[in-house]
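Everything below concerns the one structure shown next.
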Amino acid sequence: MIARRIGVALSAILLLLVATGDRLAPNAASEQFHDSAWAPPMPLHASGGGLFAHPLALTDRLSRTFGEDTSRRIDVDLFSDGRLVSTPEDASAPLFLLGADALGRDILARVAGAARWSLGVAIAGSLLAIAVGALLGALAAGGGRAADRLVVATSTGLATLPVVYIVLALRAAMPLVMTPGQVFLALVLLFGLVGWPMTAWGVRGILQRERALDYADAARAAGASRLRLMFVHLLPATSGFLVTQFLILVPGFLISEVTLSFLGLGFPEPTPSWGTMLQDASNVRVIADAPWMLAPAAAIALTSIALHLAAGARQDPLTVFSRAR
Amino acid sequence: MTALLVFRRVAAALLFVALVSTSALILARRAPGDYTDTLRAARVPADAIERERRRLYLDRSLPDLSRIWLTGLVQLDLGTSYRFARPVTSLLAERAPRTVGLVASAIALAFVIGILWGTWLVQGRPLVRMLLSGAATLVLSVPSIVILFALMLLAVRSGWLAQGAHGVVTPLLGVTALLLPAAGALARLHAEALAEAVGAPWATASSARGVARRVLVWKLGMRVAATRVTSVMPLVAANIFGASLLVEVVTGWAGLGRLMLDALVARDIFLVAGCTAAIAGAVAALGLVSDVLVNLLDPRIAAHEAAK
Chain A
1 MIARRIGVAL SAILLLLVAT GDRLAPNAAS EQFHDSAWAP PMPLHASGGG LFAHPLALTD
61 RLSRTFGEDT SRRIDVDLFS DGRLVSTPED ASAPLFLLGA DALGRDILAR VAGAARWSLG
121 VAIAGSLLAI AVGALLGALA AGGGRAADRL VVATSTGLAT LPVVYIVLAL RAAMPLVMTP
181 GQVFLALVLL FGLVGWPMTA WGVRGILQRE RALDYADAAR AAGASRLRLM FVHLLPATSG
241 FLVTQFLILV PGFLISEVTL SFLGLGFPEP TPSWGTMLQD ASNVRVIADA PWMLAPAAAI
301 ALTSIALHLA AGARQDPLTV FSRAR
Chain B
1001 MTALLVFRRV AAALLFVALV STSALILARR APGDYTDTLR AARVPADAIE RERRRLYLDR
1061 SLPDLSRIWL TGLVQLDLGT SYRFARPVTS LLAERAPRTV GLVASAIALA FVIGILWGTW
1121 LVQGRPLVRM LLSGAATLVL SVPSIVILFA LMLLAVRSGW LAQGAHGVVT PLLGVTALLL
1181 PAAGALARLH AEALAEAVGA PWATASSARG VARRVLVWKL GMRVAATRVT SVMPLVAANI
1241 FGASLLVEVV TGWAGLGRLM LDALVARDIF LVAGCTAAIA GAVAALGLVS DVLVNLLDPR
1301 IAAHEAAK
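If you read the sequences in order, they're chains A and B.
For the first sequence, the positions run 1 to 325 when our numbering is used.
For the second sequence, the positions run 1001 to 1308 when our numbering is used.
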């Protein structure tokens, strides 16, 4: 139970992150500071009730080693200037709490800004997949034998194929170069198209069980039409299941987005996304010299754990496999 | 499982492969742009491009193309890849075993580790059980790609990756990253099934007759619980297969994932269809194996299906 509460709290923080985007960080996600390429995270110091950091100066240009310049300091403000963390206008150097990438961009700003794209597309796609699944599940349960067989056969075929490959093939069938907005829309539609089978199965099962209960008979006796019975009386019984499904689908689609962006078929540069950021980190040299580049991996792990905890430890372990990876 | 049932399943699997691969072919052909676009960009004369299009079957209609593909599929002749200028079958013969090796070892290890983990989860002391359950929840919710990056960081820090051991260490990291989430999920699933089995009335009766706890758990309960784990095999396989795409690309493992990506981007339609057929075939074969295993483990299912 405690685990579940932690999960819900973490998920709420993540939603906030989607809402705030890079306003969490002192710099904009796309701003480049060329002197600070590959700068490591700056340690924060506290004195007299205020936080500050020392700017990092290049001590060796060749090996790109940085040292703290203790003669100067950057004051750090919280909750001002419309940002969670900010530095004064006249700060002598940019603040990098999570380090900088090859172009001198703030990793914290990019991880936070990417949440909006990566997590946003996963959330929107999951909502669509749940809606499609609920509709098709209801159709299978209440629409006669032929509809039932069709839905079950399609979902069985779809569920046994690796979702990432289907999404990859469908995405590659679109124009290879698209704007971030188009990519967002395309991915949401694709996720809705391939993510519904498990939801449809579950909804079908629940509806078939509920339909045999007394309250359904009562509604029928009171003259409820088949549609009304299905959508007004029976479908609410699936709400708990749908919430769990949603929480399980989001991390799955997050990985689909990460995979596509990593392979260059997702969000294009300079739009920050966890997938494109991981691509920058995917080489042994970078991992050895600049491990802070792995920050998006940590963000993905945290999101996934938070949502799984929120879905509850008592979830049917089978649903774990509906993750669309 | 009767011969008729097996035959029906095999036929359904073949139909599935044909259907999915043909859809992929049509999808790749319908995609904007085709392979000869590069020729046009290189200012090759129009009649030469036309000849090339005819040679590559790009002038055929979609039904025509599907017929060519399906007759080829029956004869195991999958056409020629434009991009690699080689028969698709020879490319698949080279790449598919690498992916199947990676994925199959991850699946097999995930089952072995998951079942042992789950059994220990049921058998252990309270503290051990809590730790094991927490660990299972943790690994099942962390995606393979994140585990892979964590392992790579660990390997780089400890120096395993430094001394030319790349060829051995990297695939090992890949398999580990692929199997861990599945093993965690299987551990939970198996623990639940096993706990249910050893808590059933027949188990209590066996205990009362003097059957040792060890026999009850490891032999009798295991057999009852095994159907649950075996029946999710196709889903586990689909998950590991999906995750293997990115793991292959990151670790530089030249398998089906990379090939499929290259084919898709190059609009290499027969190679796209070939890769899809290989993936769908592997998935369908695993589904078949799991069906047969479940039927062997639990004869009631076969009886039930025969009665239908």
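All C-beta atoms, glycine included, are put in the ideal place defined by N, C-alpha and C.
Predicted, not measured: the structure shown is a model, and the values here were computed from it.
Other residues of its chain near residue i: CB distance less than 7 Å, five sequence neighbours each side excluded
| i | result |
| --- | --- |
| A/Gly82 | Arg23 |
| B/Asp1268 | Tyr1035, Ser1081, Tyr1082 and Arg1083 |
| A/Thr303 | Leu14, Leu119, Pro251 and Leu254 |
| A/Phe52 | His45, Arg73, Ile74, Asp75 and Val76 |
| B/Ala1284 | Ala1013, Phe1016 and Val1017 |
| B/Arg1129 | Leu1121 |
| A/Phe321 | Confidence in A/Phe321 is poor, its pLDDT being 44 and thus under 50, which makes the residue's placement unreliable; the coordinate value appears in the next sentence. Answer for A/Phe321: no residue qualifies. |
Per-residue contacts from residue i into chain A (C-beta, under 8 Å)
| i | result |
| --- | --- |
| B/Ser1141 | Pro251, Ser304, Ile305, Leu307, His308 and Leu309 |
| B/Arg1030 | Ala173 |
| B/Leu1027 | Ala169, Leu170 and Ala173 |
| B/Val1323 | Outside the displayed range of chain B (1001 to 1308) lies residue 1323 of chain B, so it cannot be described from this structure. |
| B/Leu1138 | Ile305 |
Best match in the options for proximity to residue i [C-alpha to C-alpha]
| i | options | result |
| --- | --- | --- |
| A/Ser273 | A/Ala281, A/Ser86, A/Gly144 and A/Val258 | A/Val258 |
| A/Gly50 | A/Val85, A/Pro41 and A/Gly312 | A/Val85 |
| A/Ala311 | A/Gly240, A/Val121, A/Pro40 and A/Ile13 | A/Gly240 |
| B/Val1236 | B/Ser1061, B/Val1247, B/Asp1262 and B/Gly1287 | B/Gly1287 |
| B/Arg1213 | B/Ala1011, B/Thr1119, B/Leu1092 and B/Leu1005 | B/Thr1119 |
| A/His45 | A/Arg61, A/Glu68 and A/Ala29 | A/Glu68 |
| B/Phe994 | B/Thr1071, B/Ala1046, B/Thr1002 and B/Ser1206 | In the structure displayed, chain B extends from 1001 to 1308; residue 994 of chain B sits before or after that span and is not available. |
| A/Gly275 | A/Ile74, A/Ala298 and A/Ile166 | A/Ala298 |
| B/Ala1185 | B/Arg1157, B/Leu1056 and B/Ile1113 | B/Ile1113 |
| B/Ser1231 | A/Val18, A/Ala288 and A/Thr160 | A/Thr160 |
| B/Gly1134 | A/Arg4, A/Trp117 and A/Leu227 | A/Arg4 |
| A/Thr65 | A/Trp38, A/Thr87, A/Asp90 and A/His54 | A/Trp38 |
| A/Leu326 | A/Arg226, A/Glu31, A/Pro88 and A/Pro41 | Beyond the ends of chain A as shown, which are 1 and 325, falls residue 326 of chain A; an answer cannot be given. |
| B/Pro1201 | B/Pro1234, B/Ala1191, B/His1190 and B/Leu1216 | B/Leu1216 |
| B/Ala1225 | B/Ala1208, B/Leu1148, B/Phe1111 and B/Ala1278 | B/Phe1111 |
Unbroken beta strand (DSSP E) run spanning residue i, endpoints
| i | result |
| --- | --- |
| A/Arg83 | Arg83 to Ser86 |
| A/Thr59 | Leu56 to Asp60 |
| A/Ser80 | Ile74 to Ser80 |
| A/Phe52 | Gly50 to Ala53 |
| A/His308 | No beta strand (DSSP E) contains A/His308, which is instead part of the alpha helix (DSSP H) from Ala295 to Ala311. |
Beta-carbon gap between residue i and residue j smaller than 9 Å
| i | j | result |
| --- | --- | --- |
| A/Pro268 | A/Pro180 | yes |
| B/Thr1227 | B/Ala1024 | no |
| B/Arg1258 | B/Arg1029 | no |
| A/Ala124 | A/Val194 | no |
| B/Thr1170 | B/Gly1101 | no |
| A/Gly104 | A/Ser36 | yes |
| A/Ala138 | A/Leu234 | yes |
| A/Phe246 | A/Leu127 | yes |
| B/Leu1220 | B/Ala1203 | yes |
| B/Phe1016 | B/Ala1238 | no |
| B/Val1146 | A/Ala295 | no |
| B/Val1272 | B/Leu1027 | yes |
Neighbourhood of residue i by C-beta, 6 Å cutoff - its chain only, sequence neighbours within 5 removed
| i | result |
| --- | --- |
| B/Ala1195 | Val1122 |
| A/Arg314 | Because the pLDDT at A/Arg314 is just 49, under 50, the model does not fix this residue reliably, and the point stays unresolved. |
| A/Ala141 | Arg204, Leu207 and Gln208 |
| B/Phe1241 | Val1103 |
| A/Leu318 | With a pLDDT of only 44 at A/Leu318, under 50, the local geometry of the prediction cannot be trusted, and the value read off the model is given with reservation. Same-chain partners within the cutoff: there are none. |
First and last residue of the uninterrupted alpha helix (DSSP H) at residue i
| i | result |
| --- | --- |
| A/Thr65 | Here A/Thr65 belongs to no alpha helix (DSSP H); instead the beta strand (DSSP E) covers Thr65 to Glu68. |
| A/Gly252 | Ser239 to Phe262 |
| B/Ser1021 | Ala1003 to Arg1030 |
| A/Ala46 | Counting along the chain, A/Ala46 falls outside any alpha helix (DSSP H), though it belongs to the beta strand (DSSP E) covering His45 to Ser47. |
| A/Asp289 | Val284 to Asp289 |
| A/Thr154 | Arg145 to Thr160 |
| A/Leu168 | Val163 to Ala172 |
| A/Gln32 | Segment: none, A/Gln32 is in no alpha helix (DSSP H) and carries neither H nor E. |
Listed by chain order, chain A residues near residue i by CB distance under 7 Å
| i | result |
| --- | --- |
| B/Pro1234 | Thr160 |
| B/Val1224 | Correct list: empty, because the minimum Cβ distance to chain A is about 17 Å. |
| B/Gly1242 | Pro162, Val163, Val164, Tyr165 and Arg325 |
Beta-carbon proximity list for residue i, same chain, < 8 Å, skipping 5 on both sides
| i | result |
| --- | --- |
| A/Leu168 | Thr259, Leu260, Leu263 and Leu265 |
| A/Ala172 | Leu265 |
| A/Thr20 | Leu84 and Ala112 |
Chain-ordered chain B contacts of residue i [CB-CB under 9 Å]
| i | result |
| --- | --- |
| A/Pro291 | Leu1153, Val1156 and Arg1157 |
| A/Val243 | Under the 9 Å cutoff, chain B gives no residues; its nearest Cβ is about 17 Å from A/Val243. |
| A/Ser30 | Neighbours of A/Ser30 on chain B: none; closest Cβ ~24 Å, over 9 Å. |
8 Å Cβ cut-off: residues of chain B touching residue i
| i | result |
| --- | --- |
| A/Leu185 | Near A/Leu185 there are no residues of chain B at all, since even the closest Cβ is about 17 Å away, more than 8 Å. |
Closer than 7 Å at the beta carbon, the chain B residues around residue i
| i | result |
| --- | --- |
| A/Gly157 | Phe1016 |
Contact set between residue i and chain A, taken where Cβ atoms lie within less than 9 Å
| i | result |
| --- | --- |
| B/Val1168 | Neighbours of B/Val1168 on chain A: none; closest Cβ ~15 Å, over 9 Å. |
| B/Ile1279 | Leu161, Pro162 and Tyr165 |
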